[in-house]
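*Asks:*
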């Protein structure tokens, strides 16, 4: 439980020092840079941990899969959902920071459950791909941390998406976590206009990941007990 708070908080401190103070991004955001970053790290950490847990979920539960028949899809889904409590704990810290920095939430907070669902769908979609691939190619689990780190810097967590040229922002939204991060900031901190187009593109991309991941997972499922 403590790690659920420490991980995003420590990352926020590092980002604030290097990207905010040294990189100058603290002058490009409309609110305090620390809370601007932390508001993005809360859903990001939920996504990243869910993805990581799901990717190794089949191999990690190999004994159960060999002995008991049940829908294998349950395993990566449970792995992603296991991070909900950690998300709630980190979100409570975020609310405390909003009180400290005197940032009032907007009425747009009603969109937060759907934005969290978007992060969950993205984590599950990619997690289905990676969990199935990890059964066949065991080295996949070593690639996941690098994938997560690259994805983090490809998402507007330490920097505002406004640095991306306007004509490319819809394309940038093909990264589903762009919609999640921008949506969270908009809903909680009131940063800028509603990221409607970006969230729409991100949602379509997330659904494509989920559909393709589920298709590949079900295609490989019959071999899991033999290979795992």
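Residue numbers (UniProt numbering): 1 to 228.
We put the beta carbon where it would ideally sit given N, CA and C, even for glycine.
In this text the structure is predicted, and so the values were computed from the model without any measurement.
1) Please report the residue range of the alpha helix (DSSP H) in which residue 35 lies.
2) Beta-carbon within less than 6 Å of residue 87's beta-carbon, same chain only, minus the 5 sequence neighbours each way: which residues are those?
3) In whole angstroms, give me the CA-to-CA distance for residue 172 and residue 146.
4) Identify whether residue 149 lies in helix, strand or coil by the three-state DSSP scheme.
5) Can you list, in chain order, the residues of its chain with a C-beta nearer than 7 Å to that of residue 133? Leave out the 5 residues immediately preceding and following it.
6) Would the stretch 99 to 114 and the stretch 12 to 23 be scored as touching if the rule is three or more Cβ pairs under 8 Å?
7) Going by Cα to Cα distance, which pick from 136, 219, 199 is closest to residue 62?
8) If distances are taken between C-alpha atoms only, which option among 57, 189, 158, 164 comes closest to residue 101?
9) Can you give me the C-alpha to C-alpha distance between residue 104 and residue 65, rounded to a whole angstrom?
10) Could you check the C-alpha separation between residue 68 and residue 215 for me, to the nearest Å?
11) Which of the three DSSP states, helix, strand or coil, is assigned to residue 167?
12) So is residue 196 buried or exposed if we call it buried at 16+ other beta carbons inside 10 Å?
*Replies:* Considering the structure as presented:
1) For the purposes of this step, residue 35 is taken as the residue at position 35 of the chain shown. Counting along the chain, the alpha helix (DSSP H) containing residue 35 begins and ends at 33 to 55.
2) Walking along the chain shown from the start, residue 87 turns up at place 87. Annotation for residue 87: 46 place their beta carbon closer than 6 Å to its own, counting only its chain and skipping 5 residues before and after.
3) The residue given as residue 172 occupies position 172 in the chain shown. The residue given as residue 146 occupies position 146 in the chain shown. Near 20 Å, if we compare the C-alpha coordinates of residue 146 and residue 172.
4) As a position in the chain shown, residue 149 is number 149, starting the count at 1. Helix at residue 149.
5) In the chain shown, counting from the first residue as 1, residue 133 sits at position 133. Cβ within range, chain order: 140.
6) These segments do not touch.
7) Counted from its first residue, the chain shown places residue 62 at position 62. The shortest C-alpha separation from residue 62 is found at 136.
8) Sequence index remark: in the chain shown, residue 101 carries index 101 (1-based). The shortest Cα separation from residue 101 among 57, 189, 158, 164 belongs to 189.
9) Start at 1 with the first residue of the chain shown, and residue 104 comes out as number 104. Start at 1 with the first residue of the chain shown, and residue 65 comes out as number 65. Rounded to whole angstroms, the gap between the alpha carbons of residue 104 and residue 65 is 48 Å.
10) The residue labelled residue 68 in the question sits at position 68 within the chain shown. The residue labelled residue 215 in the question sits at position 215 within the chain shown. Each residue's alpha carbon lies about 22 Å from the other.
11) As a first step, residue 167 is located in the chain shown; it is residue number 167 there, counting from the start. Helix.
12) Numbered from its first residue, the chain shown carries residue 196 at position 196. It counts as exposed.
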